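Here is the structure we will look at.
Numbering (mature numbering (1 follows the signal peptide of the UniProt record, and there is no 0)), first residue to last: -26 to -1, 1 to 379.
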């Protein structure tokens, strides 16, 4: 072979290698916080303050990502660096922590930040910055508005949807209902009330006989409970976070109030609410669920429970196995994992939102018939629930999975 031909072949080989390398690089598209080996994900959670019971959600999710990193080497070869900061359920603190995560830590996205008032404080900021505010741990209806807020998506059923489902339960199961409502005075509380009233329609004014609100900074809700009981209502609808829900249950029993007790799902936890309030006091409370009751022995032999229980033992041994919040954190972590799997090597912020809006996912701890489904025009991943009653030990089903669609 002559020298000229050797050089031509060598140059051709080098060019081919260069093209291959360029192609490989072109296939990998990264946003902030992403390398070939890692993905930075930010989070805020109330590890302190009036909603500290929810801190278990963040700890369970962190443990799940630890599991993925150790057992699978992360997702698509990249380990998840989960930076979770305490905001104390205080909107000003949330703003401060989110700015740190986005502007200093340069995370790819914010995931599972908890609370309606706290997420409301960063809603505009996240969308102006074009940073995913993904699977927020709150059911406010405004998290499902892709036209106006394309960077924000919820996860759990919306509060308005749940309010409507409670309305359906009341009308089907309570004769001559007279409803009294306790609610937190913010978008979270008002969304539930709005959903209930929307379902009741023209009958709302006559059926709802009393409403009392409270601030998250209030020490107790005792005075509100007394007023609500004095209204003569035969249905009590509790729209409060765990600390106040436990207070409401205790006061409800102390007042010997003979009424149907409806409890919003965000406080439907044996470990975080019913045990502190007293299991005997909590008997007969009706709520709505969308994933399995982790306190029900009938679920202990299911594959979903076994996997979750093993995970808890190995990665979150100090976690409360009677708290629905630990299961919640695990399930949302699985959902985030799926989005990253679908994104592959295209880990831009734009593609993360595209994949989050393209889910059709079954998780084995969800109740039968409930899936996580999204689309570019549907940012409400879960839209069905099952009515249940707490019997002092576990939850009994009161019917089938229902939705308002």
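C-beta atoms are modelled at their ideal positions from N, C-alpha and C, and glycine is treated no differently.
These numbers were taken from a predicted model, which means no experiment stands behind them.
Mapping the DSSP letters down to three states, classify residue 189 as helix, strand or coil. Taking the chain shown and counting its residues from 1, one reaches residue 189 at position 215. DSSP places residue 189 in coil when its eight states are reduced to three.
Considering only the alpha carbon of each residue, which of 318, 327 and 302 lies closest to residue 111? Here residue 111 is taken as the residue at index 137 of the chain shown, counted from 1. Closest option to residue 111, Cα to Cα, is 302.
When the Cβ atoms of the region 14 to 22 are set against those of the region 78 to 87, are three or more pairs found closer than 8 Å? Look at the beta carbons and you see the region 14 to 22 touching the region 78 to 87: at least three pairs across the two are nearer than 8 Å.
What is the DSSP secondary structure of residue 14, counted as helix, strand or coil? Translated into positions along the chain shown, residue 14 becomes position 40. Strand.
Exposed or buried, what is residue 52 when buried is set at 16 or more other beta-carbons lying within 10 Å of its beta-carbon? Locating residue 52 in the chain shown gives position 78, where the first residue counts as 1. So residue 52 counts as buried.
Measure the C-alpha to C-alpha separation of residue 361 and residue 257 and round it to an integer number of angstroms. Within the chain shown, numbered from 1, the residue matching residue 361 stands at position 387. Within the chain shown, numbered from 1, the residue matching residue 257 stands at position 283. Each residue's CA atom was taken as its position, placing residue 361 and residue 257 some 15 Å apart.
Could you have a look at residue 141 and say whether DSSP puts it in helix, strand or coil? Reading the chain shown from its first residue, position 167 is the one you call residue 141. DSSP places residue 141 within a helical segment (H, G or I) once states are collapsed to three.
Would you be able to state if there are at least three C-beta pairs under 8 Å between the region 333 to 340 and the region 283 to 300? The region 283 to 300, when compared against the region 333 to 340, does not touch it at the 8 Å Cβ threshold.
How about residue 186 and residue 174: do their beta carbons lie closer than 8 Å? For the purposes of this step, residue 186 is identified with residue 212 of the chain shown, where counting begins at 1. For the purposes of this step, residue 174 is identified with residue 200 of the chain shown, where counting begins at 1. A distance of 8 Å or more separates the beta carbons of residue 186 and residue 174.
Leaving aside the five residues before and after residue 373 along the sequence, list all residues of the same chain whose C-beta is less than 6 Å from its C-beta, in chain order. By 1-based counting over the chain shown, the position of residue 373 is 399. Same-chain partners within the cutoff: 361.
Backbone secondary structure at residue 361 - three-state DSSP: Along the chain shown, one-based indexing puts residue 361 at 387. Here residue 361 sits in strand by DSSP.
For residue 61 versus residue 68, is the C-beta spacing smaller than 8 Å? Residue 61 sits at position 87 when you count from the first residue of the chain shown. Residue 68 sits at position 94 when you count from the first residue of the chain shown. Cβ atoms of residue 61 and residue 68: closer than 8 Å.
Report, in whole angstroms, the separation of the C-beta atoms of residue 242 and residue 298, which I expect to be a contact under 8 Å. Position 268 of the chain shown holds residue 242. Position 324 of the chain shown holds residue 298. Confirmed, about 6 Å.
Just to confirm before moving on: does the CB-CB distance between residue 118 and residue 104 stay below 8 Å? For this step, residue 118 is matched to residue 144 along the chain shown. For this step, residue 104 is matched to residue 130 along the chain shown. In this structure, the beta-carbon distance from residue 118 to residue 104 does not fall below 8 Å.
What number of angstroms, rounded off, separates the C-alpha of residue 389 from the C-alpha of residue 265? An answer regarding residue 389 cannot be provided, because it is not within the stretch -26 to 379 covered by the chain.
Beta-carbon within less than 7 Å of residue 90's beta-carbon, same chain only, minus the 5 sequence neighbours each way: which residues are those? For the purposes of this step, residue 90 is taken as the residue at position 116 of the chain shown. Sequence-distant Cβ neighbours of residue 90 in its own chain, meaning closer than 7 Å and more than five residues away, are 112, 114, 160, 161 and 162.
Among residues of its own chain, excluding the 5 on either side of residue -2, which ones have a beta-carbon nearer than 8 Å to its beta-carbon? Start at 1 with the first residue of the chain shown, and residue -2 comes out as number 25. Because the pLDDT at residue -2 is just 45, under 50, the model does not fix this residue reliably, and the point stays unresolved.
The beta strand (DSSP E) enclosing residue 110, as first and last residue numbers: On the chain shown, residue 110 is found 136 positions in, with the first residue counted as 1. Residue 110: member of the beta strand (DSSP E) spanning 107 to 110, first to last residue.
Nearest-angstrom Cα distance between residue 322 and residue 313? Position 348 of the chain shown, counted from the start, is the residue given in the question as residue 322. Position 339 of the chain shown, counted from the start, is the residue given in the question as residue 313. Residue 322 and residue 313: Cα-Cα distance of roughly 12 Å.
Whole-number beta carbon distance between residue 134 and residue 179, since they are thought to touch under 8 Å: The count along the chain shown starts at 1 and reaches residue 179 at position 205. The count along the chain shown starts at 1 and reaches residue 134 at position 160. Not confirmed; about 19 Å, so no contact.
For residue 100, which option in 76, 357 and 369 has the closest C-alpha, if you only look at C-alpha atoms? Indexing the chain shown from 1 puts residue 100 at position 126. The residue among 76, 357 and 369 with its C-alpha nearest the C-alpha of residue 100 is 76.
Span of the beta strand (DSSP E) around residue 55: Sequence index remark: in the chain shown, residue 55 carries index 81 (1-based). Element bounds for residue 55: 53 to 60.
Assigned secondary structure, residue 132 (DSSP; H/G/I helix, E/B strand, else coil): Here residue 132 refers to the residue found at position 158 when the chain shown is read from its first residue. In the structure shown, residue 132 sits in coil (DSSP, three-state: anything other than H, G, I, E or B).
Considering only residues of the same chain and omitting the five flanking positions on each side of residue -6, which have a CB-CB separation below 7 Å? Numbered from 1 along the chain shown, position 21 holds the residue referred to as residue -6. Unreliable positioning characterises residue -6 in this predicted model, as indicated by a pLDDT of 40, which lies under 50. The coordinate reading is nonetheless provided below. Scanning its chain for C-beta atoms nearer than 7 Å, with the 5 sequence neighbours on each side dropped, one finds no residue around residue -6.
How should residue 349 be labelled, buried or exposed, when 16 other C-beta atoms within 10 angstroms of its C-beta is the threshold for buried? For the purposes of this step, residue 349 is taken as residue 375 along the chain shown, with counting starting at 1. Result: exposed.
Considering just the uninterrupted stretch of the beta strand (DSSP E) at residue 226, what are its terminal residues? The sequence position of residue 226 within the chain shown is 252, counting from 1. Careful: residue 226 lies outside any beta strand (DSSP E), inside the alpha helix (DSSP H) at 216 to 228.
Same chain, Cβ closer than 8 Å to residue 31, five either side skipped, listed in chain order: Taking the first residue of the chain shown as 1, we reach residue 31 at position 57. Around residue 31: 19, 86, 88, 111, 299, 300, 302, 303 and 306.
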